[in-house]
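Chemist: One structure coming up, written as structure tokens, with questions to follow.
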Amino acid sequence: MEDKGTEKEMNKNFGSEVKLQDIFELISEVRKSIEYAHSEIDDLKKENEKKAQVQRETTERINKLEADNITLLNSVIDVKARSMRDNLLFYNMPEESDENTTAMIHKLLEEKLGFEDAVMKIKIDRSHRLGKKKRGETRPIVAKFNFHQDKVSIMRNAKKLKDTASRIGISEQFPEEIVRERKRLYPEFKKARRNNLKATLVRDKLFINGELFRG
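Just so we're aligned: the sequence shown equals residues 53 to 267 in this note's numbering.
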């Protein structure tokens with residue numbers, strides 16, 4: 053009886069040892085799984101960090117390209133504006149066949165703006181109509197003056213045309229990009245003038261009482 057009891061106890065202990073071993077093996081497998089999961093997470097983190105770094109670098113390159121493009125565009129606009137520095141546009145001057153636009157401008161300067169002997173004193177390098185001829189429309193004349201000061205003097209006297217019955221107008225010539233910006237700023241320019249503030253448009257900048265308008 054004692055041997056059977058001992059054997060039974062041994063079997064019981066053996067069974068417990070087997071169960072414990074299974075548990076230990078299971079724990080070991082779980083640990084391995086956890087370690088593997090941590091390893092995968094670390095790999096994913098590293099991969100995400102690499103992707104984030106690539107994205108940051110790509111964004112930086114794009115931002116630099118955009119900044120360079122803006123700089124280049126501004127340089128082109130500046131070159132175009134400089135090439136037009138001595139140019140003036142004359143609007144609503146009657147258009148005729150076989151016309152001499154330079155002679156027409158000289159006549160306007162003498163008869164409407166008070167310039168004496170403009171033909172001899174004010175040199176125009178070249179002048180011509182802008183754009184294609186359209187029925188019912190009068191194309192503006194662009195003129196390039198040999199001396200910048202002549203252009204400035206004409207602009208100063210251009211307001212005299214308001215006192216005449218003609219619809220002729222004179223303005224500076226600017227690149228299209230600057231023209232768009234001036235149109236955007238013009239309502240603010242008029243508003244400042246209505247409020248008796250000193251407002252001036254210089255190229256694509258508006259100054260009110262000597263301060264640059266930002267808006």
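Where a beta carbon is used, it is the ideal one built from N, C-alpha and C, also for glycine.
Using a beta-carbon distance below 9 Å, is Gly-188 in contact with chain E?
Modeler: Note that chain E does not occur in the displayed structure, where there is just one protein chain.
Chemist: Leu-258: buried (16+ other C-beta within 10 angstroms of its C-beta) or exposed?
Modeler: When all chains shown are included, Leu-258 counts as buried.
Chemist: Give every residue of the same chain whose Cβ lies closer than 6 Å to the Cβ of Lys-250, excluding the five residues on either side of it in the sequence, and list them in chain order.
Modeler: Correct list, in chain order: Asn-261.
Chemist: Tell me, which residues are paired with Ser-179 by DSSP?
Modeler: Answer is Ala-195, bridged to Ser-179.
Chemist: Among the residues of its own chain, which have a CB less than 7 Å from the CB of Arg-245, if the five just before and after it don't count?
Modeler: Once the five neighbours on either side are set aside, the close Cβ partners of Arg-245 are Ala-251.
Chemist: Give the single residue among Met-145, Leu-160, Ile-86 and Asp-202 whose Cα lies nearest to the Cα of Lys-173.
Modeler: Ranking Met-145, Leu-160, Ile-86 and Asp-202 by Cα distance to Lys-173 puts Asp-202 first.
Chemist: On the premise that Ile-220 lies in contact with Ala-195, defined as a C-beta separation below 8 Å, what is that separation, rounded to the nearest angstrom?
Modeler: Between Ile-220 and Ala-195 the Cβ distance is about 13 Å, and since that is not below 8 Å, they are no contact.
Chemist: With 16 as the cutoff for other CB atoms within 10 Å, does Ile-222 come out buried or exposed?
Modeler: The residue is buried, with at least 16 neighbouring Cβ atoms inside 10 Å.
Chemist: Look up Asn-248 in the DSSP assignment and give the residues it is bridged to.
Modeler: Note: Asn-248 sits in no beta bridge, so no partner.
Chemist: Asp-256 and Glu-233: beta carbons closer than 9 Å?
Modeler: Yes, the pair counts as a contact, with Cβ atoms nearer than the cut-off.
Chemist: Would you identify the three-state DSSP class for Leu-96, choosing helix, strand or coil?
Modeler: Helix, per DSSP.
Chemist: Grouping DSSP H, G and I as helix and E and B as strand, with all else coil, what is Lys-184?
Modeler: Coil at Lys-184, not helix or strand.
Chemist: Could you spell out the range, first to last residue, of the alpha helix (DSSP H) harbouring Ile-157?
Modeler: Segment 153-163, the alpha helix (DSSP H) holding Ile-157.
Chemist: Could you give the DSSP three-state label for Glu-168: helix, strand or coil?
Modeler: Three-state result, Glu-168: coil.
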